[in-house]
Amino acid sequence: MIHSVLIFNNDGVPRLIKFYTPVDIQTQRLLLHQVHQLVIGRSSVQCSFLTPPPLLQGYDDIKVIYRRYATLYFVFIVDEQESELGILDLIQVFVEVLNTCFENVCELDLVFGWQVLETVLE
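Position 2 (the sequence shown) corresponds to 189 in my numbering; numbering is contiguous.
Take a look at the structure:
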């Protein structure tokens with residue numbers, strides 16, 4: 188099950204925060220900050236599968252999977268029943284569809300075209 192989809196830039200500014208399980212706003216912000224801290228320091232040759240941030244350490248079945256495109260990070264928080272490679276492929280297809288919709292998508296397209304972003308995700 189996909190618990191959350193996060194898209195943020197290098198500075199940690201969120202471009203999309205979507206939770207499929209109920210989480211209060213304060214916890215969402217803390218989780219975004221912790222995930223940003225995890226991925227920002229990683230190089231492009233490191234694995235895209237992460238151990239959960241401190242906020243999620245109590246949940247044994249949670250995985251964080253991300254992919255970086257230019258200045259944006261696409262992060263999926265999933266449970267252990269999801270395939271890591273399947274989620275990476277899902278991220279790739281998601282970005283390809285956004286590229287088709289926006290004709291070479293960039294960060295500003297996501298800011299000003301958030302309705303399209305939400306529609307593609309759903």
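Yeah, the Cβ is synthetic: ideal placement off N, Cα and C, and Gly gets one too.
Computed from a predicted structure; not experimentally measured.
### Distance between E290 and M188 (C-alpha atoms, nearest Å)
Cα to Cα, M188 sits roughly 30 Å from E290.
### Task
Report yes or no: do the segment 208-218 and the segment 293-309 share at least 3 C-beta pairs separated by less than 8 Å?
The segment 208-218 is not in contact with the segment 293-309.
### Task
Measure the beta-carbon distance from V282 to Y256 and round it to whole angstroms, keeping in mind my assumption that it falls under 8 Å.
Correct: roughly 6 Å between the Cβ atoms.
### Task
With a cut-off of 8 Å on the beta carbons, I'd call L203 and L285 a contact; round off their distance for me.
Contact doesn't hold; Cβ gap of about 11 Å is too wide.
### Whole-Å CB distance - Y207 paired with H220, under 8 Å assumed
Actually they do not touch by this definition, with Cβ atoms about 20 Å apart.
### Message
Helix, strand or coil for P201? Go by DSSP, reduced to three states.
### Response
Here P201 carries a strand assignment [DSSP, helix/strand/coil].
### Task
Please name the residue in C234, L243, I274 whose C-alpha comes closest to that of V210.
Looking at C234, L243, I274, the one whose alpha-carbon comes closest to that of V210 is L243.
### Local Cβ density within 10 Å of F261, reported as buried at 16 or more and exposed below that
Classification for F261: buried.
### Query
How many angstroms separate the CA atom of V251 from the CA atom of L277?
If you take the alpha carbons of V251 and L277, they lie about 14 Å apart.
### Query
In whole angstroms, what is the alpha-carbon distance linking Q224 and T287?
Approximately 30 Å between the Cα atoms of the pair.
### Query
On the three-state DSSP scale, how would you describe D266?
Reduced to three states, the DSSP call for D266 is strand.
### Task
Measure the Cβ-Cβ separation of L237 and N196 and say whether it is below 9 Å.
Cβ atoms of L237 and N196: not closer than 9 Å.
### Query
What are the boundary residues of the beta strand (DSSP E) that N196 is part of?
Counted as a single uninterrupted DSSP element, the beta strand (DSSP E) harbouring N196 occupies residues 189-196.
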